[in-house]
Structures are given as C-alpha cells and as structure tokens.
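Be aware that the sequence shown starts at 202, since it is given in the working numbering, and climbs by one per residue.
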Amino acid sequence: MLRWLTAGESHGPELIAMLEGLPAGVPVSFESIRTDLARRKLGYGRGSRMKFEQDELHVSGGVRHGFSLGSPIAIRIGNTEWPKWVEVMNPEPVESTEMSRGRSAPLTRPRPGHADLVGMQKYGFDEARPILERASARETAARVALGAVAKSFLAELGMRSVAHTLQVGTVRVPDGTDLPLPDDVDRLDDDQLRCFDADTSARMVTEVEAAKKDGDTLGGVVEVLFYGVPPGLGSHVQWDRRLDARLAAAIMGIQAIKGVEVGDGFATAGRRGSAAHDELYREDGEIYRTSDRAGGTEGGMSTGTVLRVRAGMKPIATVPHALHTVDVVSGEDASAHHQRSDVCAVPAAGVVAEAMVALVLADAVLEKFGGDNVVETKRNLDAYLASIPETLRTRRTEPAAPADAS
C-alpha cells in the first residue's frame, strides 16, 4: 500500500511531503521533481507570486544515490518568501501588539468560494488566516513532488503520462482533436496554456486577457492521459476498491476542482447505449477496442487502453473585482479581502491532476503486484500478463480521439 501526506502552510517556512510504501530501487531524479514543480507554475494568467516564489527542494529521507531505499521518502519544499512572513506565521507566540498591522492584521472579511467562513466556524477561529494558509493551492506543490516520484516508479513498469488543457472559460478544444502523447510534454510546456491545439490556445489567451481586463477570473477543464496501464488494476468487488472511484476522490481533493470525468464522462449520459460503449473485436489472436469512450476503466478496473481522466476547475475564487461579503467583527457589509491571485490557473491544475493520478495508479499497482524492490514488482507484473490465457489477451491500443459530445 502506498500512503502519502503533506504538511505546511502557504506562507510558512516550508511544505513537507511524505511517501510511504514505495519499493526500493526506483530512480528518484531531483531534476524531474524540479521540472514538475516549475511546470506547476506555468500558464498564461498566473499571478505575480509565481514569478518570485522559488521552490527550494530538499529530500530528507528514503533516497540514496538517486534511488529509493524502500523506507519512507521525505521531501521538503522551502518557501523563499518566508523571511517576509516570519511575524505573521511564526509558530512561537508573538506579542499581540505585533498582530494588528500590515500583513499581521486579522482577516475578518471571509472570501466567497473559499474555505474561510466555514473553516472559521468549524475550527473556532475569529479570523481567516489560520484557514486560508492551509487551504491554499500552494499545498499542491508537495503533491506534485510526490507525483513526480510515483511517475518514475510507473515508468519503470512501462506506464507514462501527459496532461493537457481542454477548456478555459468558454473556449474548448474541438471534439475529435488528436490527443497528446507522453513525448509531447515539451511541446505542451512551450504553449502558454498547455493546450495541444494551437488555434484553440490562441483563443484561450484572448479569453484570459478579457477576464483580466474585467477584473475577473476563469476556470476550465484539464485531462490526464496514462499510456501502458495493464488490465486489472482496481476491483469490482467493493465500492472503495474501484479504480475510477479512487481516481475521482483523488482529483476532487485538488483545490478548486468541482467535477471529474473518466473517459467521455457526462457526454456518455446523452447517448444511446449502442453509441456509448467500446465494442470488442479480435484480430491476430488479440482482443481490441476501436474506441476508448470508457476512458480505460470498466467495472472499476483498468482495461489496458489509454486511461483518460478529466477535471473541471471552477474560476479562482479570489476575484480582483472583489465579491460581496460580511465583516464578521463589525457585522457590516464589506468587500472580500483580496490577496494576490491568478486570473487563470487551469494549466497548473492539469499538472496537479497528473500527479494525483500517478499516485493512485502507483498504489493500485502495488496493491496488485506488491514488491519490496521495483525489480520484484516488474517480475510480478510480467508474470501476471503472461498468465492471462491467450483467448483473453487484449491489445495495447494507441490513443483514440474522443468521440463527439453530441
């Protein structure tokens, strides 16, 4: 079983990430982790914080000479802005007189769409700072770091991934557009919105510019694709063992995500059954599917086709054109507190979603194949695939373009 936890606040000294259960012998590349952390900050419409905040990576345990040891992996991501926030976020007691001015002033105007108000209610705080610091999407940097390690493990077993932007605001990639492959990552990184279709990307940029001019924010849809996933991860026997259920929970656990689709998802609900499923054929002794509407899962198990998971992100709740709220101290009407924020963070959501899918898949792989060393895991995987009777073996399919939503 693979377990992961994170700790730390947005403006605290560092984020901490722990990964337990990874086999020994997995390559752990500091460069790959840093690349994914940098990728999380990409995208047209990001706020000024992305420009000056550096992620200082430290691996404190579980790795030696570039390979996992089988013990828990501990990662720290330092916050270069910490010196400016020592007074505000100091874990030691400070004088009350120091907590009433500047950055230290209490935040008593909860922001609509954030965890502020309900968090204050639940945890008994009289201001929002203790809530928003942990609720911030800054925490996702820790999960992206862990996801980079999980992706390295999966790559050793022949599984590779890519994430891309499908929609920003009302602008969406046309149905039937080719899907990116793992080797297209550099091309996606070069695009301002990590969109695989150049014409659509240009229209997305225009959409972001319009929202910025209006003092507003945008959401969108991202898609994670995993290639080389073997059949049989997950199970149909209990609800919580279903692979798609585990993926949906992990994706919904990302800040600002309000919807998840596996495969064609909600579009399937508008189709007749004859046009909603992936029919089976046989050729050259292998069973294959000519479509991937199910997105690589059936009955809660991976099918061996391309795994496709989509996430719908709501518009950033910190709106420059401040939303109406109430000051919880005075009881008077007020405008919501506004911290520096993004106009659009959809591309970053794709990077975080890819990390979460990788962690869930890595957990499912270890559940199925075990192994204290990655060589043992691979041997068990190969033995399993070889044990599938010839009459049941399926072809590893190339990605198919998504079916029309109509």
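Cβ coordinates follow ideal geometry from the N, Cα and C atoms, glycine included. Fair warning: this is a prediction, and the values are worked out from it, not measured in the lab.
Rounded to the nearest angstrom, what separates residue i and residue j at their Cα positions?
i: P600; j: V507; result: Low confidence applies here, because P600 scores a pLDDT of 44, under 50, leaving its location unreliable and the question unanswered by this model.
i: G486; j: R594; result: 8 Å
i: N581; j: L203; result: 17 Å
i: V566; j: E357; result: 12 Å
i: V227; j: G271; result: 9 Å
i: T592; j: Y324; result: 58 Å
i: D583; j: P431; result: 10 Å
i: T498; j: R597; result: 14 Å
i: L355; j: A342; result: 20 Å
i: A446; j: L220; result: 21 Å
i: E334; j: G474; result: 47 Å
i: V544; j: H315; result: 15 Å
i: V229; j: K414; result: 43 Å
i: I458; j: K515; result: 6 Å
i: A351; j: V461; result: 21 Å
i: A606; j: S261; result: Summary for A606: the model assigns pLDDT 42, below 50, so the residue's position carries little reliability, and this model does not support an answer.
i: P292; j: L448; result: 35 Å
i: S305; j: A364; result: 38 Å
i: G466; j: G421; result: 16 Å
i: D384; j: A563; result: 21 Å
i: D390; j: T236; result: 10 Å
i: D441; j: A450; result: 10 Å
i: V287; j: P273; result: 29 Å
i: P590; j: L206; result: 39 Å
i: D400; j: Q255; result: 32 Å
i: R388; j: R483; result: 35 Å
i: Q368; j: A470; result: 20 Å
i: A218; j: H259; result: 10 Å
i: D376; j: A468; result: 11 Å
With a cut-off of 8 Å on the beta carbons, I'd call residue i and residue j a contact; round off their distance for me.
i: G435; j: S492; result: About 21 Å; that fails the 8 Å criterion.
i: R244; j: V547; result: According to the sequence shown, residue 244 is Gly rather than Arg. Between V547 and G244 the Cβ distance is about 7 Å, and since that is below 8 Å, they are a contact.
i: L223; j: I278; result: Their Cβ separation, rounded to whole angstroms, is 18 Å, which puts L223 and I278 out of contact at 8 Å.
i: A336; j: G320; result: 7 Å
i: S233; j: S353; result: 7 Å
i: V552; j: R265; result: Contact doesn't hold; Cβ gap of about 27 Å is too wide.
i: V443; j: G501; result: Here the sequence assigns Arg to residue 443, which means Val is not the residue at that position. Contact holds; Cβ gap of about 3 Å.
i: G429; j: A556; result: Not a contact, Cβ separation roughly 18 Å.
i: S542; j: T519; result: 4 Å
Exposed or buried, what is residue i when buried is set at 16 or more other beta-carbons lying within 10 Å of its beta-carbon?
i: S531; result: exposed
i: K242; result: buried
i: G496; result: buried
i: M453; result: exposed
i: V575; result: buried
i: P381; result: buried
i: H212; result: buried
i: Q439; result: exposed
i: D317; result: buried
i: F231; result: exposed
i: G263; result: buried
i: D479; result: buried
i: L394; result: buried
i: A602; result: Residue placement at A602 cannot be trusted, given a pLDDT of 44 that sits under 50; the coordinates are not used to answer.
i: H538; result: buried
i: R247; result: buried
i: R302; result: exposed
i: S269; result: buried
i: G267; result: exposed
Considering only DSSP beta bridges, list what residue i is partnered with.
i: R490; result: L481
i: S536; result: H525
i: P228; result: F268
i: R362; result: A small fix is needed here, since residue 362 is Ser in this sequence, not Arg. S362 is bridged to F427.
i: C396; result: Beta-bridge pairing links C396 to no other residue.
i: E215; result: G279
i: M514; result: G421, I458
With C-beta atoms as the reference, is residue i less than 8 Å away from residue j?
i: S362; j: A559; result: yes
i: L426; j: E408; result: no
i: A512; j: R494; result: no
i: G370; j: H522; result: no
i: P313; j: A329; result: no
i: G340; j: G209; result: The sequence shown places Glu at residue 340, not Gly. Yes. Within cutoff.
i: A225; j: D573; result: yes
i: T378; j: V423; result: no
i: A346; j: L524; result: no
i: I455; j: A554; result: yes
i: T281; j: E296; result: no
i: V372; j: R344; result: no
i: P214; j: W283; result: yes
i: V374; j: D392; result: no
i: L481; j: R472; result: no
i: G433; j: K579; result: no
i: T309; j: D534; result: no
Chain C beta carbons: is any one of them nearer than 8 Å to that of residue i?
i: R509; result: The question asks about chain C, but that chain is absent: this structure has only one protein chain.
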